[in-house]
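Colleague: One point on numbering: in UniProt numbering, the residue at position 147 of the sequence shown is 147, and numbering is uninterrupted.
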Amino acid sequence: MSEENTLPYFHGALLDDDVDKLLESNGDFLLQTKFEQSKKKNKLVLAIKHDHRTIRVPILRLEKGYRISGRLFPTMNTLIKYYQEHNIEINGTESLLLKRPIKKGKFQLNHSDIKIIKKIGYGAYGTVYKGVLLKNLCTVAVKRIDCADKSEQALIDLMKEARVMQLYDHINVVKFYGFIVDREPFLLVMEYCKDGSVEDKLKQYGYQLSIESRIDMACQIARGLEYLHLKGCIHRDIATRNCLLSGTIVKLADFGMCRATLVYKIDLSKPQNVRWLAPEVWRSGETRFCTDMFAFAITLWELFTIPYTHPYSTWKAYKVKEKVMAGYRLPSPNDMPESMITIMRRCWDHDPSKRPTAKQAREYLEEIYQVFFSNFINQLILISKNSSLHFISILEFRCC
């Protein structure tokens with residue numbers, strides 16, 4: 001490991017936009033690396049705030065130390081200390097003095113902070129591993145952004161996701177621990193949900209899941225989505241595959257497409273999640289909270305489809321697009337309660353303005369859940385009068 005990697009103000013490959021936000025006052029400084037496409041390697045840069053702009057001074061790594069502005073230093077520490085007392089001359093026109101080192105934030109981790117155990121799956125644009133956060137031995141999910149060896153694009157994609165995830169803290173949203181850019185591969189570190197995705201559970205145990213548990217999962221997804229929308233965030237990829245389980249708790253995950261904005265314009269020439277995409281997006285190219293609600297309706301359909309199948313499973317993507325734009329909607333699952341069918345249909349209304357907000361959907365779903373759960377408890381009370389053992393077995397089965 002290079003000496004600079006051990007310094008608290010070494011920020012690795014942090015993007016310029018993020019560095020510029022960290023440097024607030026004249027003399028604030030940090031170390032970063034920048035990828036040189038021509039040489040296929042990273043160069044070391046000293047970023048300094050000066051006259052309301054950031055000046056980046058290259059530092060050469062040599063066998064005998066570090067060179068900057070023609071002067072050689074045996075260690076990075078001696079270089080920094082020297083220029084905290086002496087000006088750095090820039091092109092003979094400007095003089096800069098290092099004042100305040102900007103240390104890493106709480107979400108900036110190093111590769112040395114984690115241990116990778118095994119690969120567990122794939123997410124949007126990345127490979128996911130099970131790992132351990134060494135400072136507290138917490139089991140975590142580690143996501144590597146895959147961009148076909150395009151390091152710069154991988155970093156841009158990772159930081160988009162990291163900027164969004166570090167804003168949120170909710171029981172129904174996967175917890176974010178940090179990002180790693182001290183060297184490649186670039187990584188995101190998140191909460192590990194040991195029970196996999198809701199889609200996997202529907203595939204494996206669909207026949208065993210009670211109506212109440214399906215409604216409960218719908219409520220939790222709506223709570224997570226309501227929280228994101230209150231924070232001004234469009235998820236853009238709501239589906240059971242992106243809802244993870246930790247016991248009975250459902251958590252929204254996979255923020256690779258998520259954007260902290262009220263309206264986000266997409267490139268329709270790129271691949272889209274056609275089976276969850278609202279029809280108006282094909283016309284306007286814009287995603288909003290209401291397009292999340294359309295995807296939520298498809299997610300409700302997934303929750304009640306037994307055995308589980310993907311939406312429009314027998315259709316090609318182009319046919320799904322044509323039919324949905326023309327007003328076609330999926331047939332209601334056989335075991336879906338009428339009250340759930342009602343909210344599903346409202347959420348995929350062709351007119352985006354008529355779709356409920358996530359808050360309204362959550363409130364309606366909680367009312368439905370209370371009705372079903374109350375009926376369920378009343379049934380159990382009747383059963384328990386005849387057999388306490390039977391009561392316990394039914395309770396275990398219905399709440400799985």
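Note that beta-carbon positions come from the ideal geometry of N, C-alpha and C, so glycine has one too.
Bridge partners of Ser197, per DSSP?
Modeller: Position 197 of the sequence shown holds residue 197. Paired residues: Leu244.
Colleague: Ala295: buried (16+ other C-beta within 10 angstroms of its C-beta) or exposed?
Modeller: As a first step, residue 295 is located in the sequence shown; it is residue number 295 there, counting from the start. Under this definition Ala295 is a buried residue.
Colleague: Please list the terminal residues of the continuous beta strand (DSSP E) segment that includes Met336.
Modeller: Here the question's residue 336 lines up with position 336 in the sequence shown. No beta strand (DSSP E) contains Met336, which DSSP labels as neither H nor E.
Colleague: Identify every residue that forms a DSSP beta bridge with Cys138.
Modeller: Looking up residue 138 in the sequence shown gives position 138. In the DSSP output, where bridge partners are listed per residue, Cys138 has Leu133.
Colleague: By Cβ distance, which residues of its chain are closer than 6 Å to Phe397, with the 5 residues on each side in sequence left out?
Modeller: Translated into the one-based positions of the sequence shown, residue 397 becomes position 397. With a pLDDT of 46 at Phe397, under the threshold of 50, the modelled position of this residue cannot be trusted; read the value that follows with caution. Excluding positions up to five away in sequence, the list is empty.
Colleague: Take the Cβ of Leu22 as the centre, count every other Cβ of all protein chains shown within 10 Å, and call the residue buried at 16 or more, exposed below.
Modeller: For the purposes of this step, residue 22 is taken as residue 22 along the sequence shown, with counting starting at 1. Under this definition Leu22 is a buried residue.
Colleague: On the three-state DSSP scale, how would you describe Val274?
Modeller: Position 274 of the sequence shown, counted from the start, is the residue given in the question as residue 274. Here Val274 sits in helix by DSSP.
Colleague: Label Gly178 either buried or exposed according to how many other C-beta atoms from any shown protein chain fall within 10 Å of its C-beta, with 16 as the threshold for buried.
Modeller: Here residue 178 refers to the residue found at position 178 when the sequence shown is read from its first residue. Buried: at least 16 other Cβ atoms inside 10 Å.
Colleague: Taking a contact to mean a Cβ-Cβ separation below 9 Å, would you say Leu225 touches Asp169 in this structure?
Modeller: Counted from its first residue, the sequence shown places residue 225 at position 225. Counted from its first residue, the sequence shown places residue 169 at position 169. No, the Cβ-Cβ distance between Leu225 and Asp169 is not below 9 Å.
Colleague: Go ahead and pull the three-state DSSP assignment for Leu98.
Modeller: Stepping through the sequence shown from its first residue, residue 98 is reached at position 98. Leu98 falls in the coil class under three-state DSSP.
Colleague: Report the rounded CA-to-CA distance for His372 versus Ala317, giving the unit in angstroms.
Modeller: In the sequence shown, residue 372 corresponds to position 372, counting from 1. In the sequence shown, residue 317 corresponds to position 317, counting from 1. The sequence given here has Phe at residue 372, not His. When rounded, the distance between both Cα atoms is 36 Å.
Colleague: Alpha carbon to alpha carbon, how far is Val174 from Tyr227? Give it in angstroms, no decimals.
Modeller: Residue 227 sits at position 227 when you count from the first residue of the sequence shown. Residue 174 sits at position 174 when you count from the first residue of the sequence shown. Computed Cα separation, rounded: 12 Å.
Colleague: Do you know how far the Cα of Thr78 is from the Cα of Ser95?
Modeller: Within the sequence shown, residue 95 is the residue found at index 95, counting from 1. Within the sequence shown, residue 78 is the residue found at index 78, counting from 1. Taking the CA atoms as reference points, Ser95 sits about 19 Å from Thr78.
Colleague: Return the residue from the list Ile145, Gly12, Tyr264 and Glu24 that minimises the CA-CA distance to Asn42.
Modeller: Counted from its first residue, the sequence shown places residue 42 at position 42. Asn42 has its Cα closest to that of Gly12, out of Ile145, Gly12, Tyr264 and Glu24.
Colleague: So for Phe391, helix, strand or coil by DSSP?
Modeller: What you label residue 391 is simply residue 391 of the sequence shown in a count that begins at 1. A caution first: Phe391 carries a pLDDT of 49, below 50, which makes its placement in the model too unreliable to give a value.
Colleague: Checking 9 Å against the spacing of the C-beta atoms, do Lys115 and Val128 come in under that value?
Modeller: In the sequence shown, the residue the question calls residue 115 occupies position 115. In the sequence shown, the residue the question calls residue 128 occupies position 128. Taking 9 Å as the Cβ cut-off, Lys115 and Val128 do not qualify as a contacting pair.
Colleague: Looking at Leu262 and Gly285, is the spacing between their C-beta atoms short of 9 Å?
Modeller: Taking the sequence shown and counting its residues from 1, one reaches residue 285 at position 285. Taking the sequence shown and counting its residues from 1, one reaches residue 262 at position 262. When the beta-carbon positions are compared, Gly285 and Leu262 stay at least 9 Å from each other.
Colleague: Checking 9 Å against the spacing of the C-beta atoms, do Ile55 and Ile80 come in under that value?
Modeller: By one-based count along the sequence shown, residue 55 stands at place 55. By one-based count along the sequence shown, residue 80 stands at place 80. No, the pair does not count as a contact, with Cβ atoms beyond the cut-off.
Colleague: What did DSSP end up calling Thr75 once you bin it into helix, strand or coil?
Modeller: Residue mapping note: residue 75 aligns to position 75 of the sequence shown, counting from 1. Look at Thr75 here: in three-state DSSP terms it is coil, with no helix or strand label.
Colleague: Indicate the three-state DSSP secondary structure (helix, strand or coil) for Tyr168 in the structure shown.
Modeller: One-based indexing of the sequence shown puts residue 168 at position 168. Coil.
Colleague: Where do the N-terminal and C-terminal ends of the alpha helix (DSSP H) with Met190 fall, by residue?
Modeller: Residue numbering aside, residue 190 sits at position 190 when the sequence shown is read from its first letter. Taken as a continuous stretch (DSSP letters only), Met190 belongs to no alpha helix (DSSP H), being part of the beta strand (DSSP E) at Leu187 to Glu191.
Colleague: State the Cα-Cα distance for the pair Glu322 and Asp351, rounded to the nearest angstrom.
Modeller: To locate residue 322, count along the sequence shown from 1; it is residue 322. To locate residue 351, count along the sequence shown from 1; it is residue 351. Going from the Cα of Glu322 to the Cα of Asp351 covers about 17 Å.
Colleague: Between the beta-carbon of Tyr369 and the beta-carbon of Glu212, is there less than 9 Å?
Modeller: Here residue 369 corresponds to residue number 369 of the sequence shown, with the count starting at 1. Here residue 212 corresponds to residue number 212 of the sequence shown, with the count starting at 1. In this structure, Glu212 lies closer than 9 Å to Tyr369 by Cβ.
Colleague: Where do the ends of the alpha helix (DSSP H) carrying Gly224 lie?
Modeller: Position 224 of the sequence shown, counted from the start, is the residue given in the question as residue 224. Note, Gly224: alpha helix (DSSP H), Ile211 to Leu230.
Colleague: Work out the CA separation of Ala218 and Cys243 for me, nearest whole Å.
Modeller: On the sequence shown, residue 243 is found 243 positions in, with the first residue counted as 1. On the sequence shown, residue 218 is found 218 positions in, with the first residue counted as 1. Cys243 and Ala218: Cα-Cα distance of roughly 10 Å.
Colleague: Taking only three categories from DSSP, how would you classify Arg53?
Modeller: By 1-based counting over the sequence shown, the position of residue 53 is 53. Three-state result, Arg53: strand.
Colleague: Where does Glu89 sit, in a helix, a strand or coil, going by DSSP?
Modeller: Translated into the one-based positions of the sequence shown, residue 89 becomes position 89. Glu89: strand per DSSP, three-state reduction.
Colleague: Can you tell me whether DSSP reads Gln32 as helix, strand or coil?
Modeller: The count along the sequence shown starts at 1 and reaches residue 32 at position 32. Here Gln32 sits in strand by DSSP.
Colleague: Once DSSP output is grouped into helix, strand and coil, what is the label at Phe397?
Modeller: Locating residue 397 in the sequence shown gives position 397, where the first residue counts as 1. For Phe397, the pLDDT reaches just 46, beneath the cut-off of 50, and the residue's location in the model is therefore unreliable, although a value from the coordinates is still provided. Helix at Phe397.
Colleague: Under the assumption that Gln220 contacts Asn273 (Cβ atoms under 8 Å), give the Cβ distance between them as a whole number of angstroms.
Modeller: One-based indexing of the sequence shown puts residue 220 at position 220. One-based indexing of the sequence shown puts residue 273 at position 273. Contact flag wrong, Cβ pair sits at about 21 Å.
Colleague: Apply the 10 Å Cβ neighbour rule to Arg362 and answer buried if 16 or more other Cβ atoms are within range, or exposed otherwise.
Modeller: Stepping through the sequence shown from its first residue, residue 362 is reached at position 362. Arg362 comes out buried.
Colleague: Give the DSSP-derived three-state secondary structure of Phe304 in the structure shown.
Modeller: Here the question's residue 304 lines up with position 304 in the sequence shown. The answer is coil: DSSP assigns Phe304 none of H, G, I, E or B.
Colleague: Check the DSSP bridge columns for Asn42 and list the partner residues they point to.
Modeller: Sequence index remark: in the sequence shown, residue 42 carries index 42 (1-based). For Asn42, DSSP records a beta bridge to Phe35.
Colleague: Taking the alpha carbon of Arg183 as the point to measure from, which residue in Gln32, Lys130 and Asp157 has its own alpha carbon closest?
Modeller: Position 183 of the sequence shown, counting from 1, holds the residue named residue 183. When only C-alpha atoms are compared, the closest one is Gln32.
Colleague: Expressed to the nearest angstrom, what Euclidean distance is found between the alpha-carbon atoms of Lys118 and Ser2?
Modeller: Position 118 of the sequence shown, counting from 1, holds the residue named residue 118. Position 2 of the sequence shown, counting from 1, holds the residue named residue 2. Distance between the alpha carbons of Lys118 and Ser2: 27 Å.
Colleague: For the alpha helix (DSSP H) containing Lys21, name the first residue and the last one.
Modeller: Taking the first residue of the sequence shown as 1, we reach residue 21 at position 21. Here the alpha helix (DSSP H) through Lys21 covers Asp16 to Leu22.
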